[in-house]
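Protein chains in written order, with the numbering used here: chain A, 5 to 428; chain B, 5 to 428; chain C, 5 to 428; chain D, 5 to 428. C-beta atoms are modelled at their ideal positions from N, C-alpha and C, and glycine is treated no differently. Keep in mind the model is a prediction, meaning the values are calculated, not measured. Structure, as structure tokens:
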């Protein structure tokens with residue numbers, strides 16, 4: 005992905021070094037609880053092994069920054085480019101995605117050595133004055149790695165959920181389930197009209213967040229908080245999963261083929277709902293936001309509730325002026341939290357990614373960059389929906405109001421939930 | 005699909021009778037060249053047997069008009085609702101779509117008898133004054149049948165293309181291939197700004213064409229004609245089908261899995277391109293518009309050409325004020341025709357449906373109707389792209405500037421082609 | 005398939021003409037109740053359209069007899085060899101098997117004209133003295149066509165069973181279901197020792213029926229009649245379909261994947277068992293032999309009953325000296341009949357093919373013939389089980405004691421049933 | 005699997021303790037070179053993780069020996085029965101086979117602790133006088149574990165072959181490829197007649213090896229050595245993989261679908277054949293026996309060579325009186341070795357398992373045992389072919405002349421090769 009050319013300034017050299025060091029360390033801390041085996045297995049084609057995430061993000065610096073820009077750089081291992089390239093056709097052949105979990109060697113330890121090797125080289129590069137283009141590439145590599153930090157955790161959760169012993173990534177002690185009711189849902193009104201949306205700078209943004217442009221919006225209302233597990237249980241118990249009239253045709257076909265009857269990771273045991281989490285198997289907390297629902301489920305829920313999902317423009321307009329603050333990865337909760345009983349929009353950032361009804365399409369005048377980074381986002385602009393706001397696994401500092409995450413409508417293994425909207 | 009409630013008037017009673025009679029007769033004329041076997045076989049799950057089209061459109065009148073509104077109406081056969089319901093969950097169980105081709109009985113002749121029976125009942129109903137709502141349902145049934153007329157022909161073409169003997173639907177004599185060059189491609193500029201789009205009435209429109217609303221558009225240029233077969237051959241011969249960098253990721257995966265190397269129905273024999281048509285196996289005409297390409301191919305072509313596909317709003321704004329005139333089904337050519345060397349936008353209507361880069365999503369404030377007709381369009385609003393303008397198989401009078409056809413990005417068996425656009 | 009070279013004589017010229025004429029006419033009589041559409045559709049990859057059977061058996065004479073042996077013979081249509089070759093690699097490319105149902109043209113009428121054309125040429129050939137080798141090829145073609153007569157009917161039954169209207173091939177009037185009990189099952193003992201098995205001549209046999217050889221057999225008992233529907237219902241109602249311990253592992257996997265809970269074509273309605281037949285939807289007759297069960301079901305039944313299936317040698321030894329007499333196609337019942345209350349082995353011929361526990365393997369010293377006929381049987385000698393005795397759809401005169409039919413263990417659409425055996 | 009009840013004696017108590025200790029230690033030595041990740045990943049549904057093999061064989065002692073027979077035995081972990089039961093329906097639910105590779109926890113280290121725990125309990129049991137039935141169960145457990153030792157290695161080879169870096173299980177140094185020619189192939193004659201086959205005792209055998217019985221055999225010849233890689237290369241280069249006339253129909257379908265053009269693990273680089281081995285990527289040795297070919301390939305080769313595969317009875321008759329001696333696992337070569345230039349049958353034991361043309365069926369009067377061990381072999385008696393003689397990965401002492409290994413005809417990842425036979 006191209007950095008948006010509009011942004012006014014990049015980080016000072018010191019800040020870039022700090023960012024690089026912080027992001028690289030964070031990945032290793034996240035991998036701390038994992039065994040070599042945990043880090044190696046791929047639990048489905050859409051997921052990748054933790055080891056692969058650690059190595060691929062490293063290869064990204066090697067391929068984009070060190071090879072072209074550090075004179076005399078000797079790649080750590082000639083075979084790694086084949087193993088750890090994700091999807092950059094420009095950068096050569098690669099291990100087929102569904103075979104990422106076959107790579108038992110190199111081991112997790114060796115990948116950590118590979119990281120050190122590359123870190124040292126990047127740090128050497130950063131210790132001298134570098135061109136702004138190159139600094140931007142390093143910064144891109146850091147944001148890229150943050151995306152993979154979140155994926156590493158969602159992929160580990162998916163893996164551990166396949167294990168009938170329900171291992172916990174961390175702290176498996178039972179979590180108290182709040183007995184208090186959720187705050188009542190209320191809707192906040194927003195004006196229609198022409199609004200500017202898209203990244204305006206300063207600061208980093210992915211290419212797909214721009215160009216900034218005017219969007220026409222009709223007056224609308226947005227729910228002040230996310231849909232909760234308790235509300236989702238009402239949908240379940242009202243037959244929401246078996247009433248085809250609530251569903252998009254494509255969603256109904258998928259739900260039927262895969263026997264969806266609950267959110268991913270949920271089980272009903274003796275009349276109680278339980279769910280797999282990074283802290284092991286836990287009771288569902290009715291006041292916390294629902295997670296692990298697909299776009300199709302979210303859309304069916306909204307139809308059932310007599311509402312709809314917001315567009316991404318509506319979401320972005322509503323969030324204007326809010327601090328980017330919420331339950332991100334740094335709270336170490338690793339799960340969505342109930343909303344607090346206070347006025348105004350809550351939970352716009354963190355907790356769960358919010359499905360919007362907007363397909364992921366290019367903004368007006370968008371053009372992918374030349375070269376490998378041009379493959380970052382542009383080629384995924386079909387068959388996906390935009391999600392906004394970040395989740396409890398998103399590294400702090402990573403998202404913004406203009407940030408566009410995207411997944412296919414059937415994806416469920418991310419921390420994806422929803423907020424309702426309606427026309428005025 | 006709900007009729008858009010905005011439109012000002014419906015047809016006079018005489019006009020409705022004329023419309024009904026004309027549409028119903030046209031279907032039978034189209035089925036004229038088909039044998040019982042031709043009309044029975046289903047060549048792929050996306051296609052339906054001709055007999056099924058003839059019966060399903062009839063069932064539509066029976067289920068939507070006669071049963072609820074003609075007192076004492078006795079359905080022709082109790083089993084037909086199961087056989088000929090398409091996807092209306094509201095209206096009961098039905099034959100699974102991929103099994104439509106198993107129904108060798110009733111025969112084509114009996115389906116024609118079924119049509120006569122229903123026609124007589126509808127005509128009886130129309131011979132008395134009827135409520136406007138009911139008149140609108142009859143009109144809807146006519147437009148619905150016109151959609152199936154086009155599908156009947158594209159499905160027959162797909163079926164005949166599976167037969168190594170290449171049977172012709174009609175007139176298999178060789179078609180002269182024009183030797184003259186295509187007119188040079190030029191681009192016409194359009195202003196940006198807020199534009200009204202969507203159906204404005206008066207007259208019939210499908211629910212998805214409304215509500216009419218304002219859309220913000222950036223200044224753009226639109227090609228004055230469709231992309232030709234000759235231009236597509238340049239794309240082929242420049243390696244367009246094997247250069248992944250031109251393709252959307254989802255498109256590349258599909259193209260690889262299905263070994264796309266030419267438009268659907270094309271073959272290369274002794275260095276010449278041939279294609280299956282409704283008139284049998286014929287040489288490709290380099291000056292005629294390319295057809296039978298998927299969205300993914302169209303998008304890759306546009307990238308290769310340094311352009312892009314238009315949005316549906318751009319297409320609709322550009323077409324404002326043009327007559328709905330072109331190479332439709334009534335020319336009986338059954339194939340796209342070369343553009344003529346004259347100034348201004350050409351081929352906006354007829355010849356081939358034009359892929360736009362717009363996913364098929366609801367317009368602002370769209371709500372599906374209550375009841376069975378509410379399933380007409382709304383539930384298909386994911387995973388599809390909008391096409392505009394009609395084709396050489398579209399019945400005359402069926403399309404409009406606001407008309408939104410839609411198919412998944414990989415669909416190729418319709419008469420789908422493209423027109424280029426670019427930013428200013 | 006090679007004619008076994010051991011047999012002493014072939015038919016007299018007159019007899020061969022009579023055989024040819026009789027077999028060819030019989031096929032056309034069987035096709036009599038079928039419409040063009042009935043004869044065109046392929047209901048699953050294992051089945052073929054009736055029209056294809058009629059044309060393929062004709063092509064067999066054209067390819068094996070007329071082209072090589074009738075000087076100046078002009079094939080009816082050059083494209084037919086591609087369309088109607090089944091699996092003879094030696095004889096060139098052909099329509100892929102799952103695409104046989106796409107051939108709506110030529111029509112059934114034209115195929116009947118094709119048959120007349122070829123019949124005339126063969127009759128011309130037979131009106132002159134011909135070499136014994138050639139006479140044997142014609143005889144082979146007749147037996148080949150008889151095999152396809154049975155398949156034509158089982159394939160039509162499969163097709164009609166997909167139609168929710170349950171059309172009847174013939175005479176749909178309800179069939180009285182006998183109220184009398186089945187005769188009690190008894191077992192007849194046979195000595196062990198070395199026994200000669202395999203075709204001994206004179207007369208026609210397929211190559212796989214020889215060479216005749218000695219087989220060592222242990223003393224055994226064989227049930228005097230076939231397993232009945234009533235007995236099968238006991239198996240069903242005792243949980244036979246859900247007790248994995250009764251099943252071969254491969255069978256259990258298939259039964260689970262395909263949700264087998266009843267024989268093919270059976271349905272339970274209001275506590276009664278019904279089944280699709282060539283005479284339409286009918287109640288299951290408890291005293292008639294069970295049909296449409298796979299090898300895996302038959303084996304599970306035998307295990308449940310504390311018995312086993314016979315080997316093909318046991319079956320052949322037991323049948324020695326019996327007349328080849330039973331409920332074949334010429335009774336026109338088109339369904340298996342109850343056994344009569346009389347002593348001795350019954351139902352060894354006709355009614356249903358009997359699964360044996362013998363995989364279809366070559367007899368000692370078997371060698372496939374040179375040339376195309378060598379592909380007839382030999383290449384199918386893996387992954388199949390032998391069935392013996394013929395069925396109610398087998399043309400009279402077609403089977404013998406040494407006759408080896410074969411199908412994969414999961415096949416259910418033939419008239420396949422079982423007879424129990426046990427060790428002494 | 006039931007121990008064959010015919011055998012005369014079991015091991016003395018001391019010998020049983022020694023056997024148990026030896027087999028259990030051997031598994032752990034084999035696992036020595038594996039990392040936690042190596043031991044966890046499942047490379048295809050037919051393969052299992054090394055960790056699973058180590059745990060399943062341990063569970064076998066727990067479920068069959070300790071739980072029913074050691075009073076007060078406390079299972080190591082209640083969840084392990086679900087995880088490590090293979091296919092014993094009698095013993096409860098279990099992890100679906102294709103999901104065995106999802107179990108990253110317990111780790112390899114913990115599985116080794118589990119093994120110690122169970123070993124101690126079995127040793128305690130064996131330190132007191134035990135009933136003969138129980139002793140037989142322990143002995144069965146040891147032979148069962150030896151089967152899994154071979155599978156552990158073939159599964160690791162399959163896993164490592166998926167890794168583009170070609171890791172070696174052991175000793176990756178290049179292996180010298182013999183330049184000497186293979187000894188010429190000659191055939192040894194054997195008499196026909198009635199022969200006793202099947203296990204005769206004394207000593208252990210699996211239930212499927214009996215009962216001993218008489219088989220009628222025609223005179224035949226058997227090749228004095230295995231087919232070599234060099235001979236296989238002649239088959240390849242003569243177009244053996246693309247000539248459908250050499251193949252069984254089922255084999256041709258599989259070969260086409262999976263693009264077989266070489267034995268599994270082979271690659272051609274710069275005109276030379278290479279193959280993945282447990283010692284890494286190595287040149288193919290033309291004088292060594294070919295391995296990793298399916299039944300279908302072996303059969304096609306034999307047809308090409310104008311010979312056939314032997315039946316299992318022929319193989320067993322020919323091997324009578326030979327010592328069970330050969331290149332087994334204890335040579336630590338881990339690969340097949342060339343035959344030596346000496347007279348008489350060679351390589352009958354060890355090197356590669358030899359495909360026979362015999363489907364795996366029950367011997368006369370075979371009955372599976374009651375209870376869980378009855379599921380050992382009997383339920384696999386369809387859809388598989390018998391292999392004889394053991395391989396370079398078979399533990400010494402494990403096979404016998406009567407030993408019947410079996411795999412589906414398409415299986416290639418075992419050390420499976422062939423020896424030719426012919427009729428006299």
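Checklist entry - Can you tell me whether residue 3 of chain B is buried or exposed, with buried defined as 16 or more other CB within 10 angstroms of its CB? => result Because chain B here runs from 5 to 428, residue 3 of chain B falls outside it and cannot be looked at.
Checklist entry - Would you say residue 107 of chain A faces chain D, with C-beta separation under 8 Å as the test? => result Here residue 107 of chain A is taken as the residue at index 103 of the first chain, counted from 1. For residue 107 of chain A, the answer is yes, since a Cβ of chain D falls inside 8 Å of its Cβ.
Checklist entry - How would you call residue 4 of chain A, buried or exposed, if buried means at least 16 neighbouring beta carbons within 10 angstroms? => result Residue 4 of chain A lies beyond the residue range present for chain A, which begins at 5 and ends at 428; the question has no answer from this structure.
Next on the checklist: Distance check for residue 266 of chain A and residue 41 of chain A, CA to CA, integer angstroms please.
Outcome noted: Numbered from 1 along the first chain, position 37 holds the residue referred to as residue 41 of chain A. Numbered from 1 along the first chain, position 262 holds the residue referred to as residue 266 of chain A. So the alpha carbons of these two residues sit roughly 29 Å apart.
Checklist entry - So which residues on chain B does residue 281 of chain C lean against when the C-beta distance must stay under 7 Å? => result Working through the third chain from its first residue, we reach residue 281 of chain C at position 277. Under the 7 Å cutoff, chain B gives no residues; its nearest Cβ is about 16 Å from residue 281 of chain C.
Checklist entry - At least one CB of chain C closer than 8 Å to the CB of residue 387 of chain D: is that the case? => result The count along the fourth chain starts at 1 and reaches residue 387 of chain D at position 383. Yes - at least one Cβ of chain C is within 8 Å of the one on residue 387 of chain D.
Item to check | Minimum length 4: unbroken alpha helix (DSSP H) runs contained in the region 224–281 of chain B | outcome: 233–241, 253–261
Item to check | Neighbouring residues, chain C, relative to residue 41 of chain B (Cβ below 7 Å) | outcome: Locating residue 41 of chain B in the second chain gives position 37, counting from the first residue. Correct list: 40, 41, 44, 108, 111.
Item to check | Coarse secondary structure for residue 322 of chain D, derived from DSSP in three states | outcome: As a position in the fourth chain, residue 322 of chain D is number 318, starting the count at 1. Helix, per DSSP.
Item to check | Three-state secondary structure assigned by DSSP to residue 33 of chain C | outcome: Within the third chain, numbered from 1, the residue matching residue 33 of chain C stands at position 29. If DSSP states are grouped into helix, strand and coil, residue 33 of chain C belongs with the helices.
Item to check | Residue environment, residue 334 of chain C, which counts as buried when at least 16 other CB atoms sit within 10 Å | outcome: For this step, residue 334 of chain C is matched to residue 330 along the third chain. Label assigned to residue 334 of chain C: exposed.
Checklist entry - Count the other CB atoms within 10 Å of the CB of residue 342 of chain A; is the residue buried (16 or more) or exposed (fewer)? => result Here the question's residue 342 of chain A lines up with position 338 in the first chain. With 16 or more other Cβ atoms within 10 Å, it is buried.
Item to check | For residue 220 of chain B: DSSP bridge partner residues | outcome: Locating residue 220 of chain B in the second chain gives position 216, counting from the first residue. Per DSSP, B/198.
Next on the checklist: At the 8 Å Cβ level, is residue 363 of chain B part of the contact set with chain A, yes or no?
Outcome noted: The residue labelled residue 363 of chain B in the question sits at position 359 within the second chain. Closer than 8 Å to some Cβ of chain A, the Cβ of residue 363 of chain B qualifies, so yes.
Item to check | Cross-chain neighbours of residue 1 of chain B in chain A, by beta carbon under 9 Å | outcome: Beyond the ends of chain B as shown, which are 5 and 428, falls residue 1 of chain B; an answer cannot be given.
Next on the checklist: On the DSSP bridge list, what partners appear for residue 293 of chain D?
Outcome noted: To locate residue 293 of chain D, count along the fourth chain from 1; it is residue 289. Beta-bridge pairing links residue 293 of chain D to D/232.
Checklist entry - Taking the alpha carbon of residue 72 of chain D as the point to measure from, which residue in D/356, D/401, D/282, D/137 has its own alpha carbon closest? => result Mapped onto the fourth chain, residue 72 of chain D falls at position 68. Nearest option by C-alpha distance: D/137.
Item to check | Exposure label - residue 321 of chain B; buried when at least 16 CB within 10 Å | outcome: Here residue 321 of chain B refers to the residue found at position 317 of the second chain. Counting Cβ neighbours within 10 Å, residue 321 of chain B comes out buried, since at least 16 surround it.
Item to check | Which residues DSSP lists as bridging residue 426 of chain C, in chain order | outcome: Mapped onto the third chain, residue 426 of chain C falls at position 422. Its beta-bridge partners are C/225.
Checklist entry - Which residues in the same chain as residue 271 of chain B place their Cβ atom closer than 6 Å to its Cβ, once the five residues preceding and following it in sequence are excluded? => result Residue mapping note: residue 271 of chain B aligns to position 267 of the second chain, counting from 1. Counting only Cβ-Cβ distances below 6 Å, and skipping sequence neighbours, we find 278.
Checklist entry - Which residues of chain B have a Cβ atom closer than 9 Å to the Cβ of residue 241 of chain A, listed in chain order? => result Locating residue 241 of chain A in the first chain gives position 237, where the first residue counts as 1. Going along chain B, no residue has its Cβ under 9 Å from residue 241 of chain A, so there is no contact; the nearest lies around 21 Å.
Item to check | Segments of 3+ residues assigned as beta strand (DSSP E) that fall wholly inside the region 121–171 of chain C | outcome: none
Next on the checklist: Below 9 Å on C-beta distance, what does residue 123 of chain A contact in chain B?
Outcome noted: Counting from one through the first chain, the residue named residue 123 of chain A turns up at place 119. Here the premise fails: no neighbours, minimum Cβ distance about 30 Å.
Checklist entry - Under the three-state reduction of DSSP, which class applies to residue 398 of chain C: helix, strand or coil? => result To locate residue 398 of chain C, count along the third chain from 1; it is residue 394. DSSP places residue 398 of chain C in coil when its eight states are reduced to three.
Next on the checklist: Please tell me whether residue 360 of chain B has its Cβ less than 8 Å away from any Cβ of chain A.
Outcome noted: Translated into the one-based positions of the second chain, residue 360 of chain B becomes position 356. False, the Cβ-Cβ gap to chain A never drops below 8 Å.
Checklist entry - For residue 87 of chain B, which residues in chain C fall below 9 Å Cβ to Cβ? => result Mapped onto the second chain, residue 87 of chain B falls at position 83. Under the 9 Å cutoff, chain C gives 167, 168, 169.
Checklist entry - Interface residues of chain C around residue 334 of chain D at Cβ under 7 Å? => result Your numbering for residue 334 of chain D matches position 330 in the fourth chain. In chain order: nothing, as chain C lies at least about 32 Å away.
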